[in-house]
Amino acid sequence: MLICILISQQVFFSFSANKIFMDNHKVAVLTAAGTGMGADAAKKLASKGFKVSILSSSGKGEQLANDLGGIGVTGSNQSENDLKKLIDATLGKWGRIDVLVNSAGHGPRGPVLDLTDEDWQQGMETYFLNVVRPTRLVTPAMQEQKSGVIINISTFAAFEPDAVFP
């Protein structure tokens, strides 16, 4: 069991005695993890002995992955090809994926009644489909391993709704 606690926009992890966390060969894939909560999660997982693969659109994820001894890909969690490149590189290098951390980017903001259909569609891409795509790609490996954990990090608005950030 993995417990994820969010405190002041920093992610802290505690681990049970579950086999996947005791194995010396632990692998985590993180999306939108060049900065913020995703980057904090990558650093914490690496400090717990995980090999990390990081996707970010800014390129900061590649640098962070280098610093942590992992794999970095510059790309979008909205691109099936970019995600596939990350997953394929991870499986090619380490042969498994124990944890997937889906972190979100930033969707459209504005008063609810001012958001266009395109804004809402972009919000679905940013906060929903960014979870579906990588989950679909890692699930076969996790099924084959008979283990795996998927963590979804979204937006503070899920807990603290705001008139300009639905």
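Counting in the UniProt record's numbering, the sequence shown runs from 1 upward without gaps. Quick reminder that beta carbons are idealized off the backbone N, C-alpha and C, glycines included.
For G69, does the three-state DSSP call read helix, strand or coil? In the three-state scheme derived from DSSP, where H, G and I count as helix and E and B as strand, G69 is classed as coil.
What separation, rounded to the nearest whole angstrom, lies between the Cα atoms of residue 168 and T116? Residue 168 lies beyond the range of the chain shown here (1 to 166); nothing can be said about it.
Where P134 and L113 are concerned, what is the direct C-alpha to C-alpha distance, given to the nearest angstrom? Answer to the nearest angstrom: the Cα atoms are 31 Å apart.
Who are the near neighbours of I73 in its chain, counting only those whose CB is closer than 6 Å to its CB and skipping five residues on each side? The amino acid at residue 73 is misidentified as Ile; the sequence shows Val. So the list reads L55, K85 and L86, once near-sequence residues are dropped.
Kindly indicate the opening and closing residues of the beta strand (DSSP E) around L30. If you look at L30, you'll find it in the beta strand (DSSP E) that goes K26 to T31.
Comparing C-alpha positions only, which one of K48, M124 and S147 sits nearest to S154? Measuring from the Cα of S154, the nearest candidate turns out to be M124.
Excluding sequence positions up to five away, which residues of its chain have a Cβ less than 6 Å from the Cβ of G105? For G105, the CB contacts under 6 Å within the same chain, skipping 5 residues up- and downstream, are A32 and T126 in chain order.
Which of the three DSSP states is assigned to S57 in this structure? For S57, the three-state secondary structure derived from DSSP is coil.
Limits of the alpha helix (DSSP H) - the one that L91 falls within: In the DSSP assignment, L91 falls within the alpha helix (DSSP H) that extends over E80 to W94.
How many whole angstroms separate the CB atoms of S53 and A65, which I take to be in contact at a CB cut-off of 8 Å? Contact between S53 and A65 holds, with the beta-carbon distance rounding to 7 Å and staying under 8 Å.
Report yes if the CB atom of A46 is closer than 7 Å to the CB atom of L68, and no otherwise. Going by C-beta atoms, A46 is nearer than 7 Å to L68.
Can you round the beta-carbon distance between D119 and P108 to whole angstroms, since I take them to be within the 8 Å contact cut? Indeed, because the Cβ distance is near 4 Å, the residues count as touching under 8 Å.
Around the Cβ of S79, are there at least 16 other Cβ atoms within 10 angstroms (buried) or fewer (exposed)? When all chains shown are included, S79 counts as exposed.
Helix or strand or just coil, what does DSSP make of N102? DSSP, read as helix, strand or coil, puts N102 in strand.
On the three-state DSSP scale, how would you describe N130? Helix, per DSSP.
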